[in-house]
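Asker: Sharing a structure below in structure tokens format, with a few things to ask.
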Amino acid sequence: MNLLTWPVTALGWTSSLVQRAEASQARINEFLDQKTDIISRQNVQKELVGDIVFEHVSFTYPDTGIQALRDVSFRVRPGQTLAVIGNTGSGKSTIAALLCRLYDVTDGAIKVDGTDVRDYSLRALRGQIGYVPQDVFLFSDSIRNNINFGLDQPDEARMLQAAKDADVYQNILAFPEGFDTKVGERGITLSGGQKQRVSMARALVKEPKILILDDSLSAVDTKTENAILGSLQRIMAQRTSLIISHRVSSVKLADEILVLDDGVIVQHGTHEALMADATGLYRALYERQLQTEEA
Ligand SMILES: Nc1ncnc2c1ncn2[C@@H]1O[C@H](COP(=O)(O)OP(=O)(O)OP(=O)(O)O)[C@@H](O)[C@H]1O
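When the letters of the sequence shown are read in order and numbered with my numbering, they come out as residues 60 to 354.
Set out below in structure tokens:
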């Protein structure tokens, strides 16, 4: 059903339909506002395995002229976890935005399972990527509908499992109406960490082949973050994951870590290998964060 052309009068039937339509409309508008030049080709609709390759990718934001990435190359094999760390503004989120094709690369290419992302149908590509954005967006609706958002056929067992995996199940059960509890303007207010975990459950319930966590646990303390990442290990082992963070604690378990500085990969390797480089940016980030935590 095309919600863009859905007659407004037809929306009057049930309030939950209206809310879902509003929610979908908001999301559609969000995409349309910024992505008018992204063309969806219908030819490639295959099921993904999750092999991601960035080949000499450079990207300049068209509106500001800011070059966010310069000659970035890496590969993440199916089932592996790649982490990206760097200071604020170093280009981390831009990597996620390009992979989801919110923008097209300026130079180079991004390939998923050997096919350029520009050749996929947008629906096929984005439908298989679970993206937990930095800025969580929850609809004024029940927690259940927020988690199941975008699914054609919601499944109760899958939703419950996603909430458990995102470590928000017990919080939700403690609310008066459990998963039917309304959030947002007409409901209760969730803490920043709870919102992030509901948003994570929304990504996990899709059982995506590619999972992107974009600073998704910044609002929880390091202890909770470690507990969530620990419980996500099983899930991440079954898909290709991209963890974007400015915190060393979030990235240290990854198979490979990229260190970005001003749009350029300045280091890459495992946590142990990067820590061994006493003069590298990674070690400097680690020591700075240790000092902040101790303070
Ligand atoms: N939508 C946008 N339009 C124009 N410029 C942008 C946009 N998003 C990011 N930028 C710019 O691109 C550069 C890289 O930003 P990006 O968000 O990728 O960095 P980041 O490492 O994820 O930062 P943070 O840790 O603060 O989220 C920055 O200079 C930023 O100001």
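Ideal Cβ positions, reconstructed from N, Cα and C, are used throughout, including at glycine.
Might you give, ordered along the chain, the residues of its own chain that have their beta carbon closer than 8 Å to the beta carbon of I243, omitting 5 neighbours on each side?
Answerer: The question names Ile, but residue 243 in the sequence shown is Gly. Here the set comprises L197, F198, S199 and D200.
Asker: Indicate the three-state DSSP secondary structure (helix, strand or coil) for I294 in the structure shown.
Answerer: In this structure, I294 counts as helix in the three-state DSSP scheme.
Asker: Between L158 and I271, is the Cβ-Cβ spacing less than 8 Å?
Answerer: Cβ atoms of L158 and I271: closer than 8 Å.
Asker: Is there contact here, the segment 285-303 with the segment 115-126, by at least three beta-carbon pairs under 8 Å?
Answerer: Short answer: they don't touch.
Asker: Using a Cβ-Cβ cutoff of less than 7 Å, which residues in the same chain neighbour A313 once the five nearest sequence positions on both sides are dropped?
Answerer: Once the five neighbours on either side are set aside, the close Cβ partners of A313 are T140, L141, A142 and I302.
Asker: In the DSSP assignment, find the beta strand (DSSP E) that holds D166 and state where it starts and stops.
Answerer: Looking at the DSSP string, the run of the beta strand (DSSP E) that includes D166 is D166 to V171.
Asker: Where does Q187 fall in DSSP's three states?
Answerer: Of the three classes helix, strand and coil, the one that applies to Q187 here is coil, per DSSP.
Asker: Within 10 angstroms of the Cβ of D211, are there 16 or more other Cβ atoms? Answer buried if so, exposed if not.
Answerer: D211 is exposed by the Cβ-count criterion.
Asker: Determine whether the beta carbon atoms of A222 and A260 lie at a separation below 8 Å.
Answerer: Yes, they are a contact pair.
Asker: With burial defined as no fewer than 16 other Cβ atoms inside 10 Å of the residue's Cβ, what is the status of K254: buried or exposed?
Answerer: It is buried - the Cβ of K254 has at least 16 other Cβ atoms within 10 Å.
Asker: From this set, V135, L107, I154 and I169, which residue's C-alpha is nearest E114's C-alpha?
Answerer: Per the Cα distances, I169.
Asker: Determine which residues share a DSSP beta bridge with D273 and list them.
Answerer: I303, per the DSSP bridge assignment.
Asker: If you reduce the DSSP assignment to three classes, tell me which class Q139 lands in.
Answerer: Correct three-state label for Q139: coil.
Asker: Any idea what DSSP makes of Y120, helix, strand or coil?
Answerer: Residue state, collapsed to three classes: coil.
Asker: For V171 and D226, which I take to be in contact (beta-carbon distance under 8 Å), what is that distance rounded to the nearest angstrom?
Answerer: Not a contact, Cβ separation roughly 28 Å.
Asker: Just curious, the alpha helix (DSSP H) that Q253 is in, first and last residue?
Answerer: G251 to L263 is the span of the alpha helix (DSSP H), which, as asked, contains Q253.
Asker: Taking only the alpha-carbon atoms, compute the straight-line gap between H327 and D321 and give it to the nearest angstrom.
Answerer: Distance between the alpha carbons of H327 and D321: 15 Å.
Asker: Here's a check: name, in chain order, each residue in its chain whose Cβ is nearer than 8 Å to the Cβ of A278, leaving out the five neighbours to either side.
Answerer: S250, G251, G252, K254 and Q255, listed in sequence order.
Asker: Does DSSP classify K282 as helix, strand or coil?
Answerer: Helix at K282.
Asker: Where do the N-terminal and C-terminal ends of the beta strand (DSSP E) with I324 fall, by residue?
Answerer: First-last of the beta strand (DSSP E) with I324: V323 to G328.
Asker: Quick check: the Cα distance between I144 and T174, rounded to an integer number of angstroms?
Answerer: Roughly 26 Å between the two C-alpha positions.
Asker: Quick check: the Cα distance between R177 and S300, rounded to an integer number of angstroms?
Answerer: Distance between the alpha carbons of R177 and S300: 21 Å.
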